[in-house]
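**Student:**
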Amino acid sequence: SKFLAQYSKSFENDFDFGVQYYVEYTLKYDAYKSTLASTDYIKDRVRQIWTLMLNKKYLSQKLKLSLFGFYSPTDEDIYQRAEVGYDFTDTLNVALGVNLFWGRDIWTDYGQNEENSNVYLRVRKNF
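Residues 517 to 643 (our numbering) make up the sequence shown, in order.
#1: Which runs of the alpha helix (DSSP H), 4 residues or longer, sit entirely within the stretch 577-611?
#2: Using the Cβ count rule (16 or more neighbours within 10 Å means buried), how would you classify ILE594?
#3: Just tell me which of ILE565, GLU592 and SER554 has its CA closest to the CA of ARG620.
#4: For THR624, is the classification buried or exposed, using 16 other Cβ atoms within 10 angstroms of its Cβ as the cut-off for buried?
#5: With a Cβ-Cβ cutoff of 8 angstroms, do GLN536 and THR567 count as a contact?
#6: Taking C-alpha atoms, which residue in PHE533, LEU583 and GLU540 lies nearest to VAL562?
#7: Quick one: give me the first and last residue of the alpha helix (DSSP H) that LYS549 is part of.
#8: Among the residues of its own chain, which have a CB less than 6 angstroms from the CB of ASN634, if the five just before and after it don't count?
#9: So which of VAL639, GLU630, GLY585 and GLN577 has the shortest CA-CA distance to ILE565?
#10: Per DSSP, which one or two residues make a beta bridge with GLY534?
If you want it as structure tokens, here you go:
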């Protein structure tokens, strides 16, 4: 079973805020555990994930700061993306960002991607 609750709000000063709470509940958990080998990772019966989104625009909405992240208290892992973008024209945007993965264990969703953390530069031209 899955459950999702969300709240988001846009403010007059070009600030956007959003938060989500997601839960997965494994039905027939004992049957699931009985199928695993002794060396397999055992998922928790209940898995939780929180997300947070923050966006702020400056300079007549040409400059955008963005932070987006996932945090799982169940898996003890995190994925965060931060970005600074600038619209030079209506059709040209440049952004610098970072994707950060971290996890206590290497078999969690974000922990297994820890070595894939990166910094990027994006140039986008729309026609």
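The C-beta atom is built at its ideal place from N, Cα and C for all residues, glycine as well.
Values in this document were obtained by computation on a predicted structure and should not be read as measured data.
**Tutor:** Let me lay it out:
#1: As far as the stretch 577-611 is concerned, it has no whole alpha helix (DSSP H) run of at least 4 residues.
#2: That one is buried.
#3: Checked all of ILE565, GLU592 and SER554; the closest Cα to ARG620 is GLU592.
#4: By the neighbour-count rule (16 or more Cβ atoms within 10 Å), THR624 is buried.
#5: It is a contact, given that the beta carbons lie within the stated cut-off.
#6: Checking every option, the nearest Cα to that of VAL562 belongs to GLU540.
#7: LYS549: member of the alpha helix (DSSP H) spanning 545-550, first to last residue.
#8: Correct list, in chain order: ASN615.
#9: Ranked by Cα distance from ILE565, the options VAL639, GLU630, GLY585 and GLN577 are led by GLY585.
#10: Beta-bridge partners of GLY534 (DSSP): SER524 and MET569.
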